[in-house]
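A.B. asks: For the record, in the sequence shown the residue sitting at position 325 is 325 according to the numbering used here, with numbers rising by one throughout.
One structure, as structure tokens, below. Some questions next.
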Amino acid sequence: MRAPWTRRRQPLPVPGPTADAPPLPEAPAEREAPAGLVGEQVFRARLDEEFARAERHGRPLAVIVFGVDAEAARDPGLVERMRAALRPGSLLARLDDTELALLVPEADGMDGYAAAERLRRAVGPACAVAAGVCDLEQALAPDDLLRLARASLQQALADGGNRIWRYSTQVAAEVGVESPLRSQSLAGIRALARAIDHKDSATIGHSDGVAAMAGALAAELGWPTPEIERLELAAIVHDVGKMGVPDATLLKPTLLTPAEHSHVQLHAALGAQIAAEVLAADQVAWVRSHHERIDGTGYPDGLAGDAIPLGARIIAVADAWDVMTAGRPYAAALDTEDALAECLRVVGTQLDVLVVDALVRVLQARHRDERDIA
Numbered sequence: 001m002r003a004p005w006t007r008r009r010q011p012l013p014v015p016g017p018t019a020d021a022p023p024l025p026e027a028p029a030e031r032e033a034p035a036g037l038v039g040e041q042v043f044r045a046r047l048d049e050e051f052a053r054a055e056r057h058g059r060p061l062a063v064i065v066f067g068v069d070a071e072a073a074r075d076p077g078l079v080e081r082m083r084a085a086l087r088p089g090s091l092l093a094r095l096d097d098t099e100l101a102l103l104v105p106e107a108d109g110m111d112g113y114a115a116a117e118r119l120r121r122a123v124g125p126a127c128a129v130a131a132g133v134c135d136l137e138q139a140l141a142p143d144d145l146l147r148l149a150r151a152s153l154q155q156a157l158a159d160g161g162n163r164i165w166r167y168s169t170q171v172a173a174e175v176g177v178e179s180p181l182r183s184q185s186l187a188g189i190r191a192l193a194r195a196i197d198h199k200d201s202a203t204i205g206h207s208d209g210v211a212a213m214a215g216a217l218a219a220e221l222g223w224p225t226p227e228i229e230r231l232e233l234a235a236i237v238h239d240v241g242k243m244g245v246p247d248a249t250l251l252k253p254t255l256l257t258p259a260e261h262s263h264v265q266l267h268a269a270l271g272a273q274i275a276a277e278v279l280a281a282d283q284v285a286w287v288r289s290h291h292e293r294i295d296g297t298g299y300p301d302g303l304a305g306d307a308i309p310l311g312a313r314i315i316a317v318a319d320a321w322d323v324m325t326a327g328r329p330y331a332a333a334l335d336t337e338d339a340l341a342e343c344l345r346v347v348g349t350q351l352d353v354l355v356v357d358a359l360v361r362v363l364q365a366r367h368r369d370e371r372d373i374a
């Protein structure tokens with residue numbers, strides 16, 4: 001699901017090429033690729049034009065990248081069979097010795113998939129052809145379409161070849177590429193989380209502080225680096241649900257009333273709903289459950305003990321540590337010794353013993369480092 005602040009397109013259900021599409025340009029002789037195909041430079045120029053037109057008129061657009069054997073790719077007969085299967089307005093190009101690209105105006109992802117299958121069948125069983133498809137709904141720029149179609153082709157080849165993969169978050173995870181829409185949405189959520197921190201001078205840097213401590217605790221607990229990075233991202237946005245809490249309550253300089261506290265408690269579930277737009281299910285659970293308590297008296301679900309995801313238990317300790325050591329209008333900041341004593345006091349009721357033990361080791365290591373520097 002796309003985050004609510006990203007742009008949405010509503011393609012018009014009009015088949016065929018766009019009404020204002022110019023005739024297909026002839027490839028200049030010096031740019032003509034082997035076997036009568038246009039080269040990548042001409043393809044990219046046409047891609048830029050079609051992308052701008054599709055954006056302007058709310059039309060769909062798809063790019064397909066085919067992977068074929070280098071010798072087969074030079075076969076004029078193969079290329080002619082593919083070109084014969086093209087619909088009007090499409091443009092077929094050679095990207096390199098093993099990749100052909102097809103630009104399909106007025107095609108969404110499923111149309112692109114159908115076009116790829118049509119060309120794959122046209123080639124016949126004599127040559128295995130894999131393909132990756134990406135459409136405009138997944139891209140923010142022309143290069144995104146080509147890059148993500150190529151990523152989808154990589155997945156098709158990894159899956160055995162002679163098949164078609166359409167770009168998705170699964171493909172992104174498998175081949176290690178970042179979706180531009182996800183990047184944009186994550187940037188928006190990060191900015192929102194930091195904006196909430198800046199509402200009050202006492203909370204500036206809170207999200208980053210929680211993320212840094214959560215990462216240190218996870219490293220101490222033996223988490224691999226990729227998982228630590230995912231935890232840090234969830235920690236940065238752990239309080240994003242506070243956007244739904246009135247400023248009068250959020251910034252109140254005295255202790256909250258029971259009614260105000262109940263209102264604040266809603267932020268954990270709301271934050272999870274916002275994070276679900278761009279984070280994985282386990283990260284969303286970490287955000288939702290970071291105010292659960294080991295004894296089951298936390299919120300929003302009253303989880304207890306190991307039923308609370310470990311990532312949430314780590315964020316809970318990091319959050320408590322940052323609040324105590326940074327201070328709030330209603331409570332002065334504690335020094336390291338007193339803050340650690342408070343964490344140890346609530347082990348087994350509020351905080352998890354394994355994570356607090358990790359906190360002790362992290363603080364001991366920092367103390368040794370500071371002593372060595374001195």
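Virtual Cβ for every residue (Gly too), placed ideally from N, Cα, C.
Here the structure is a predicted model, which means the values were calculated and not measured.
Excluding sequence positions up to five away, which residues of its chain have a Cβ less than 6 Å from the Cβ of Ala-115?
C.D. replies: Once the five neighbours on either side are set aside, the close Cβ partners of Ala-115 are Val-104.
A.B. asks: Which runs of the alpha helix (DSSP H) spanning at least 4 residues fall entirely within the segment 64-143, listed in chain order?
C.D. replies: Entirely contained in the segment 64-143, the alpha helix (DSSP H) runs reaching 4 residues are, in chain order, 70-73, 76-84 and 109-123.
A.B. asks: Quick one: using the 10 Å Cβ neighbour count with 16 as the cut-off for buried, is Ser-90 buried or exposed?
C.D. replies: Result: buried.
A.B. asks: Look up Arg-166 in the DSSP assignment and say whether it is helix, strand or coil.
C.D. replies: Arg-166: strand per DSSP, three-state reduction.
A.B. asks: So the alpha helix (DSSP H) Arg-237 belongs to, where does it begin and stop?
C.D. replies: A small correction: the amino acid at residue 237 is Val; Arg does not occupy that position in the sequence shown. Segment: none, Val-237 is in no alpha helix (DSSP H) and carries neither H nor E.
A.B. asks: Helix, strand or coil, according to DSSP, for Ala-333 in the structure here?
C.D. replies: It is coil, neither helix nor strand.
A.B. asks: Taking Glu-50 as part of the alpha helix (DSSP H), name the residues at either end of that continuous run.
C.D. replies: 40-57 is the span of the alpha helix (DSSP H), which, as asked, contains Glu-50.
A.B. asks: Reducing DSSP to helix, strand and coil, say where Val-264 ends up.
C.D. replies: In this structure, Val-264 counts as helix in the three-state DSSP scheme.
A.B. asks: In terms of residue numbering, what span does the alpha helix (DSSP H) encompassing Arg-313 cover?
C.D. replies: From DSSP, the alpha helix (DSSP H) with Arg-313 extends over 310-326.
A.B. asks: In the DSSP assignment, find the unbroken alpha helix (DSSP H) run with Gln-283 in it and report its ends.
C.D. replies: Per DSSP, Gln-283 belongs to the alpha helix (DSSP H) from 281-288.
A.B. asks: In this structure, what does DSSP give as the bridge partners for Val-347?
C.D. replies: DSSP, once it has assigned bridges, lists Leu-351 as partnering Val-347.
A.B. asks: Just to confirm before moving on: does the CB-CB distance between His-263 and Asp-239 stay below 9 Å?
C.D. replies: Not in contact: His-263 and Asp-239 (Cβ atoms no closer than 9 Å).
A.B. asks: Quick check on Ala-304: does DSSP put it in helix, strand or coil?
C.D. replies: Correct three-state label for Ala-304: coil.
A.B. asks: Please report how far the alpha carbon of Arg-81 lies from the alpha carbon of Val-123, in whole angstroms.
C.D. replies: Cα to Cα, Arg-81 sits roughly 6 Å from Val-123.
A.B. asks: Determine, using beta carbons only, whether Val-245 and Ile-315 come nearer to each other than 9 Å.
C.D. replies: Their beta carbons are not under 9 Å apart, which means Val-245 does not touch Ile-315 by this criterion.
A.B. asks: Taking the alpha-carbon positions, what's the Gly-241 to Arg-288 distance?
C.D. replies: Between Gly-241 and Arg-288, the C-alpha separation is close to 10 Å.
A.B. asks: Check the DSSP bridge columns for Leu-157 and list the partner residues they point to.
C.D. replies: Answer is none; Leu-157 lacks a bridge partner.
A.B. asks: Using the Cα positions of Leu-351 and Tyr-167, report the straight-line distance between them to the nearest angstrom.
C.D. replies: If I take the Cα positions, the gap works out to 41 Å.
A.B. asks: With DSSP collapsed to three states, give me the class of Ala-276.
C.D. replies: It is coil, neither helix nor strand.
A.B. asks: Where does Leu-61 sit, in a helix, a strand or coil, going by DSSP?
C.D. replies: The answer is strand: DSSP assigns Leu-61 an E or B state.
A.B. asks: For Gly-39 and Ala-158, what's the separation of their Cα atoms in angstroms?
C.D. replies: Taking the straight line joining both Cα atoms gives about 26 Å.
A.B. asks: Taking all protein chains shown into account, decide if Gly-205 is buried (16 or more other Cβ within 10 angstroms of its Cβ) or exposed.
C.D. replies: Exposed, by the Cβ-count rule.
A.B. asks: Out of curiosity, what's the CA-to-CA distance linking Pro-258 and Gly-112?
C.D. replies: Roughly 56 Å separates the two Cα atoms.
A.B. asks: Does Asp-295 come out as helix, strand or coil in the three-state DSSP assignment?
C.D. replies: Note: Asp-295 maps to coil in three-state DSSP.
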